[in-house]
Each structure stands twice: as structure tokens, then as C-alpha cells.
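Mapped onto this note's numbering, the consecutive letters of the sequence shown carry residue numbers 25 to 189.
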Amino acid sequence: MKRINFLIFLLLIAIGTVLCQTQEEKEKVKKEKVITNQTLKELKGNISVMGREEEIKEEEKTGSEESSQAEVKDEKYWRNLKREIEERISQAQKKVESLKEEINTLYRDFYSIDDPARRDQIQVKIVEGTRKLEEAEKELEKAKKDLEDFLERARKEGALPGWIR
């Protein structure tokens, strides 16, 4: 009976410490400042800028000039950008295909040669070729993802669908 009471007592102490820890964690979360749209409205008047006014005004002027130049995104801009991305995809596909052919040739040579020294040399080339193939496949995937991102960006920025076909 004493053992059971002692175990219950230890269990209650453990539960109490866990509860204290969770309360401390909740207090930490409450102390962290969360920025929402409403808190941004409250902070609008408190924004301060460091630096001299002349520098700030010059930066604003150059920024507005650059933005006006960057805003000219016509059909030519979108078509050129898509062509560049498609060329990268094409080059990456050609590279992957050539590396696959090279690795297949090395495997054929590896199994057709009986000399262990030459096999070791070919095996090193196979490993190197496989590493290059993996890099080329990653490059191809990145180029394909860039195309998807480009299409999404063009759609969001209002490019006409005919410009990016």
C-alpha cells in the first residue's frame, strides 16, 4: 500500500512539472510578437527611417526610374525569356541523353573485357559518369521547374497566353 501511494505521489509530481513546463512555453509564445494586418495598421505611425533625406530621395528617384523601365514587359520580353528557358531544357536533355549513352557504352566495355586492371579503370569512369548524369538530371529538373515558375509568373503579371506559347 505504501508503495502504491509512493508511486502515485511520484506520478503527481511528474504531472505537475509537465504542467508547469507547458505553462512556461505558453507564456513564451505570448511574449513573442505576432505581426498581423491589424498590428501593421497600429505600427504605421511608428516607422522610422535611418539616413539623410537627400540620400533617401535620390534612392526613391532611381528606384522609380528603374521600376518604370522594368515595367515594360511586352510580347518580345516574354517570348525571349521563354525561348531561353526552353533552350536550357533542350541542352539539359541532350546532356542527359549523351551521358546515358556514354554510361551504357562503358558498361558494355566493362562486361566484354576480361582484364581486371582495365575493368577497374572503366568502373571509375562509370562512377564518374553516373555522378555527372545525376547532376545533369538535377539541372534538367531545375530547368523544367523554372519553366513552370515562368509560366506562373507570366500569368500573374498579365502576359497574354499567346505570348508564351
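A virtual CB, placed ideally from N, CA and C, is assigned to each residue, including glycine. Because the structure is a prediction, the values reported are computed rather than measured.
query, result
"Per-residue burial, isoleucine 137 [other beta carbons within 10 Å of its own, 16 or more giving buried]", "exposed"
"Cutoff 7 Å; reference glutamate 181; Cβ partners in own chain excluding five residues on either side", "Lys97"
"Same chain, Cβ closer than 6 Å to arginine 112, five either side skipped, listed in chain order", "Ala167"
"Buried/exposed call for leucine 38, threshold 16 Cβ in 10 Å", "Correcting the residue identity first, residue 38 is alanine in this sequence and not leucine. So alanine 38 counts as exposed."
"Pair within 8 Å by beta-carbon distance, leucine 123 and alanine 160", "yes"
"Alpha carbon of arginine 155 to alpha carbon of glutamine 62, nearest angstrom", "52 Å"
"Outcome for isoleucine 59 when other beta-carbon atoms lying within 10 angstroms are tallied against a minimum of 16", "exposed"
"Contact with chain B by isoleucine 127, beta-carbon distance below 8 Å", "Although the question refers to chain B, the structure presented lacks it and comprises just one protein chain."
"Separation of glutamate 108 from glutamate 176, as counted between CA atoms", "16 Å"
"Inter-residue Cα distance where the pair is glutamine 117 and glutamate 110", "10 Å"
"Cα-Cα separation between glycine 51 and serine 114, rounded to whole angstroms", "Sequence check: residue 51 is glutamate here, not glycine. Whole-angstrom Cα-Cα distance: 55 Å."
"Cβ neighbour criterion (16 or more within 10 Å) applied to leucine 164", "buried"
"Per-residue burial, alanine 178 [other beta carbons within 10 Å of its own, 16 or more giving buried]", "buried"
"Reduced DSSP secondary structure (H/G/I, E/B, other) of alanine 183", "coil"
"Where alanine 141 falls, given that 16 or more other Cβ within 10 Å makes a residue buried", "exposed"
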